[in-house]
Structure formats: C-alpha cells, structure tokens
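Residue numbers (the working numbering), protein chains in the order written: chain X, -4 to 312; chain B, 277 to 557.
All C-beta atoms in this analysis are idealised placements derived from N, C-alpha and C, irrespective of residue type, glycine included.
Written as structure tokens, this is what we have:
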C-alpha cells in the first residue's frame, strides 16, 4: 500500500554501522525544523497509539487489577482464555458468525450499489448517495429497531408475523438467545453502506474512460467482463482500503450489540470478542486478561488482512 | 440502444426498491415521532391520526434536570474540538509526509500505516489506564486531546491527506520557494488553500464519527450534566421506554438531523476530497 524507497546505491547504505549512525544523526539534526511539523502529531500518536500497543502486549502477560503493581504470569492469561473461559469461546464463535456474514455482505453491497449509481448523472448520483449513506449516519437512530423487535405482541415484527398467522405468540426477539445475534446482524447490515461505500464511489469516478474504449476494442463482451477486467483492477487501492475497513469493523463490532441486546446480553448470545474485552477491562478491571484478549484480536486481524490481500491481488486475472 | 435502456430502467427499479428498504425504518421513525403512544402500539395505518408535534417538546424536556439542549451543547463542544484537532494534526503531518524529506520518514510512515488495521477497541485498556493516570476520567479530555493525534480515524486521515497533497503540482511549491517562502509559509499559503476538499472530507468524517461515537463516551463520561447526545438518548431509552415512545423517536430523529443536513450540503466536496487522488496505492 505504501511505497518505501530504499536507494541501494546510496553510499550511506554501504558504510559501516557507526558511520551510518553518525550520518543519520547529522541528517536528523539538520532537519530538525522539519520535525516540528510532525511533532504535534507524532508525539500524540506515540503517546496514544504506539505506547498503548506496547503496554497492552506487556500487560497481557501479567495479572493487573489497577490497584497493585502488575504481576508477571507468563502465558497464563492466554491459556485461561482458551481452556477455562467458556464465555470467551462463545464470544469467539459469535464474532466469527457475525464477521463472516456482515463483512463480505456489506463489502459486496457497497461495491455493487456504488457501481450501479456511478452511471447516473452527478445530481442523481448525489441524491442516491445521500439516501444510501443515511442509515450509517443515523447511528443514533438504531433504537427504532428496539421498537421493531419489541418483545410484546405490539412490537412491529411480532404484530406483522401474528397478523399473517405465522406465529401465535410474540417472539422475545432481544431476549431469546436464538434471535439476538441475528437481529444485531440485520441492524449492522442496514447501516453497512458507510465509509467504504463513499470510497468506492470516489474510486469509480477515477477510472480513466479511455480504458473502456480500449477494452471494447480488445474484445470485452459485457458489463461484467468490463467490471472484472477493467474497473476493479483500476480501483484496487480502494478495494483494499474497503476490505481493511470491513474486516476491522466486523471483527471489532460491539456498539450495536451493547445498544440492542444490552450488556451483558442474555446467555451471552450477543457477546463478541470486544464486548468480552469491555467486560473485563472496564467492569471487572482484570486488565491483564483484557489485554490478552486485545492482543489476540489484533494479531488475528493481521492474519485475516493478509489472506484478504492475497485474494484481492487475484482480481482481474 | 433498447437493451441499454431496459438495463437502465431495471437499475432504477432495483435502486428505488432498495432505497425503500433502507429508508423504511427512517420514514417509520419520523411517522412514529408524531404519533400518540396508543397509536404507535396499535396496528393500523402507518400515517398518524393526529400529528402530535408536541412529542418533540416533550422529548426535549423529558429527562429531569437536563434538557436535550444541554446534550446538544455538550456534543457541539466536544465534536467541534475533535474536528479542529483532527484537521490541525492531519494537515501538518500530511504535509510533512508528502512534501518534506527527512530521515526515518519511511519508517514512521510504515508504522503509521500499520495502525490502519488496528481497531480502536484493542487500545481501550491501556488507554483507560493512561487516562486515569492523567486524571482525565469523567472529563472530555480523553475524547478531545487524542483527536489531535487523529485517534478516532487511525491512520486513515493522514493517508488521505498525504495522497491529496501529492496530487498538488510541485511547480506551485517551487514558485513559492523562488518567492522566498519558508516551509511554514509554503504550507500555510500554498498547500492549505489547495487542500480544501480533503480538509472538508476529513472534517466531515471526524464530525460524523465523533457525533455517533458511543463506546468512548460511555467509558469516559459519567456525569449526566456532561452527557452527549448518544448518552442522553440511551439514558432516555432506559428511563422512559415505557412512557412515551413518540417523544423518544422524536429525539432520536433530532439528534441525526444536523448530520444529515451537513452531509447533504457538503456531499459534493466530500466525494471530491476522496476522489481527487484521495486514495491511491
């Protein structure tokens, strides 16, 4: 994604270590004015992002309750996660079900809709963009779903299903463990045309039109071929970005689960890795354990990211 | 020609149907907000018998001691500072990464990009510890100050900014240097004015994300008088769910209205900011 230029012919790369250090130091001192531009960001970035990552990895090997000093316990937190914590395994399962459905579906939907509205005139396109983006701006409006899936016979979903005679007794949507997770998934899907959607729209507008003409000459037959061989390869960076967003969001989901299903949810039915993390981190104050969950989540996501990157490199082949 | 036409009509029909599904809850929310309680709960016509605009007034003052005015002011205060912080930090850093050459630049940029895939929740525990060490719990500081490091967006904003600035012709810089501009003048009077679309995109993103943020606000704000809209709404839901649904719907609509209006007005720049070389490999 980012390009790193290393000049092999640079004499600096051939010098001995101590010489290189001296040179580097001199160059750093020479450009101290330039560091001033970066300083406001770099300092805060280090304090609020890099430092927490390091602390988090360290804490995951300790027992720490915020009152006494952290006590080193080795791999014990990780062993406990997999062997002794049944709720974590539920959370893991829920998160995977959730991510495997919401991630790809919202990604494909964003791409498909962006592609469809790309053909319209700018005014109409802007109108549709607003309409589709509206649900994900309406973050706070998801409580309408609380009403849709209200537990008594007057809840909207219950009323309709009972009217149609499909069910005879109201379903306890947000209490019955069989339904909670699925309702959270529906609501998240409803809100899923978000940032990636906008990025895809932008990417589609960047595709050079002359490529389509060239493609037509080279024997592109239909719009699907056009999409696969021309459009998608041209917007690979946006696709990658969208994938990163989709993975991060679907694996880190917690907000909607807490808002809809309550915290903790009945029988942990809507427990995700992150709500588990919130529980240990800000309710039980077992910081070492919570840090182990966080570390696991981070490395898990890096692995999944790699796999998806590999898949995206195959686009257009 | 005809095939193309039918295809287009098919697209329209599909999109309109899809729009209807997507917007149905929002429309329903609006109609619910002007219904009396008994009507919301009675199955029947989707349109209200009597338009109860009083729900809006009732909802506004529904919570004892604090009206939604307080929550609005709090949210405006927090979000505007977050937006300002994000814009300052990302334009400066974007400029440095895009235009200046200094040792360790690539290393720093690589570390930054690695955090693009770091979910904010992973850092919750150490951040919470850090903030409680600083004595920041139950204040807006954990929300605002990290925004100056573009915390809520991770590396996304910087990335957007770097790509955008790279798209500005270098000739402009050179002309300015010939005219005797130093780095800061160059940044201030050449780069910044040319970055407007990117700055607008960043402002809007950070506004929307901080406005809708629930988890961070829940963690760090405990005092009802300091509650933001997301928290106020949640409190309303917990307190008053059984009492007046119409008023609750009214308030949830009122809280998203400013965002919808702002997005609608700024939409053109928004996409432009991302599109004009916004995200490229």
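Backbone CA spacing between residue i and residue j [nearest angstrom]
| i | j | result |
| --- | --- | --- |
| residue 72/X | residue 274/X | 15 Å |
| residue 360/B | residue 464/B | 16 Å |
| residue 290/B | residue 297/B | 11 Å |
| residue 49/X | residue 87/X | 24 Å |
| residue 125/X | residue 538/B | 11 Å |
| residue 70/X | residue 82/X | 19 Å |
| residue 129/X | residue 198/X | 20 Å |
| residue 105/X | residue 229/X | 17 Å |
| residue 556/B | residue 294/B | Since pLDDT at residue 556/B reaches only 44, below the 50 mark, its modelled position is unreliable, and no value is offered. |
| residue 68/X | residue 495/B | 28 Å |
| residue 306/X | residue 233/X | 14 Å |
| residue -1/X | residue 256/X | Only weak support is given to the placement of residue -1/X: the predicted model assigns it a pLDDT of 46, under 50, and the question is left unresolved by the model. |
| residue 204/X | residue 168/X | 49 Å |
| residue 492/B | residue 498/B | 11 Å |
| residue 154/X | residue 223/X | 44 Å |
| residue 76/X | residue 84/X | 8 Å |
| residue 174/X | residue 231/X | 37 Å |
| residue 417/B | residue 115/X | 45 Å |
| residue 214/X | residue 93/X | 41 Å |
| residue 292/X | residue 527/B | 36 Å |
| residue 444/B | residue 245/X | 35 Å |
| residue 140/X | residue 532/B | 15 Å |
| residue 392/B | residue 369/B | 15 Å |
| residue 42/X | residue 310/B | 48 Å |
| residue 313/X | residue 366/B | The first residue shown for chain X is -4 and the last is 312, placing residue 313/X beyond what the model contains. |
| residue 437/B | residue 475/B | 8 Å |
| residue 21/X | residue 384/B | 18 Å |
| residue 4/X | residue 26/X | In this predicted model, residue 4/X has a pLDDT of only 49, less than 50, meaning its place in the structure is not dependable; the value taken from the coordinates is given anyway. Using only the alpha carbons, I get a separation of about 22 Å. |
| residue 163/X | residue 185/X | 27 Å |
| residue 423/B | residue 362/B | 6 Å |
Helix, strand or coil at residue i [DSSP, three-state]
| i | result |
| --- | --- |
| residue 353/B | helix |
| residue 249/X | coil |
| residue 167/X | coil |
| residue 346/B | helix |
| residue 489/B | coil |
| residue 433/B | helix |
| residue 313/B | helix |
| residue 378/B | coil |
| residue 413/B | coil |
| residue 338/B | coil |
| residue 477/B | helix |
| residue 450/B | helix |
| residue 463/B | helix |
| residue 324/B | coil |
| residue 394/B | coil |
| residue 133/X | coil |
| residue 303/X | helix |
| residue 301/B | helix |
| residue 570/B | This structure gives no information on residue 570/B, because the portion of chain B shown stretches from 277 to 557. |
| residue 364/B | helix |
| residue 310/X | coil |
Contacts of residue i in chain B (Cβ-Cβ under 9 Å)
| i | result |
| --- | --- |
| residue 223/X | Simply none; closest approach about 18 Å. |
| residue 185/X | 297, 298 and 301 |
Beta-carbon neighbours of residue i, restricted to chain B and to distances below 7 Å
| i | result |
| --- | --- |
| residue 30/X | 378 |
| residue 276/X | 400, 401 and 404 |
| residue 285/X | 401 |
| residue 93/X | Within chain B, no residue comes near residue 93/X; the closest Cβ sits about 14 Å away, beyond 7 Å. |
Cross-chain neighbours of residue i in chain X, by beta carbon under 8 Å
| i | result |
| --- | --- |
| residue 459/B | 28, 29 and 32 |
| residue 444/B | Within chain X, no residue comes near residue 444/B; the closest Cβ sits about 16 Å away, beyond 8 Å. |
| residue 422/B | 39 and 43 |
Neighbouring residues, chain X, relative to residue i (Cβ below 7 Å)
| i | result |
| --- | --- |
| residue 521/B | 142 |
8 Å Cβ cut-off: residues of chain B touching residue i
| i | result |
| --- | --- |
| residue 219/X | Those do not exist, as residue 219/X stays about 12 Å from chain B at its closest Cβ, beyond 8 Å. |
| residue 152/X | Correct list: empty, because the minimum Cβ distance to chain B is about 12 Å. |
| residue 22/X | 378 and 379 |
Distance cut-off 7 Å: residue i Cβ against heavy atoms of the ligand NAP
| i | result |
| --- | --- |
| residue 231/X | Ligands in the displayed structure: none, and consequently the ligand NAP is not present. |
Closer than 9 Å at the beta carbon, the chain X residues around residue i
| i | result |
| --- | --- |
| residue 353/B | Within chain X, no residue comes near residue 353/B; the closest Cβ sits about 18 Å away, beyond 9 Å. |
| task | Please confirm if the segment 511 to 531 of chain B is in contact with the segment 442 to 453 of chain B, defined as three or more CB-CB distances below 8 Å between the two stretches. | result | no
| field | Complete beta strand (DSSP E) runs within the segment 17 to 80 of chain X (minimum length 3 residues, chain order) | value | none
| task | Would you list, in sequence order, the uninterrupted beta strand (DSSP E) runs of no fewer than 3 residues that lie entirely inside the segment 230 to 297 of chain X? | result | none
| said: Between the segment 390 to 402 of chain B and the segment 332 to 339 of chain B, can you find at least three pairs of beta-carbon atoms closer than 8 Å? | reply: no
| message | Between the segment 179 to 196 of chain X and the segment 104 to 118 of chain X, can you find at least three pairs of beta-carbon atoms closer than 8 Å? | response | yes
| message | At 4 residues or longer, what runs of the alpha helix (DSSP H) sit wholly inside the segment 139 to 202 of chain X? | response | 151 to 158, 172 to 185 and 190 to 201
| Touch test, the segment 30 to 39 of chain X against the segment 257 to 265 of chain X, Cβ-Cβ under 8 Å, three pairs minimum | no
| task | Answer yes if the segment 266 to 281 of chain X comes into contact with the segment 201 to 219 of chain X, meaning at least three C-beta pairs across the two stretches below 8 Å, and no otherwise. | result | no
| request: Examine the Cβ distances between the segment 324 to 334 of chain B and the segment 469 to 487 of chain B and report whether three or more of them are shorter than 8 Å. | output: no
| field | Contact between the segment 279 to 296 of chain X and the segment 52 to 66 of chain X (3+ Cβ pairs under 8 Å) | value | yes
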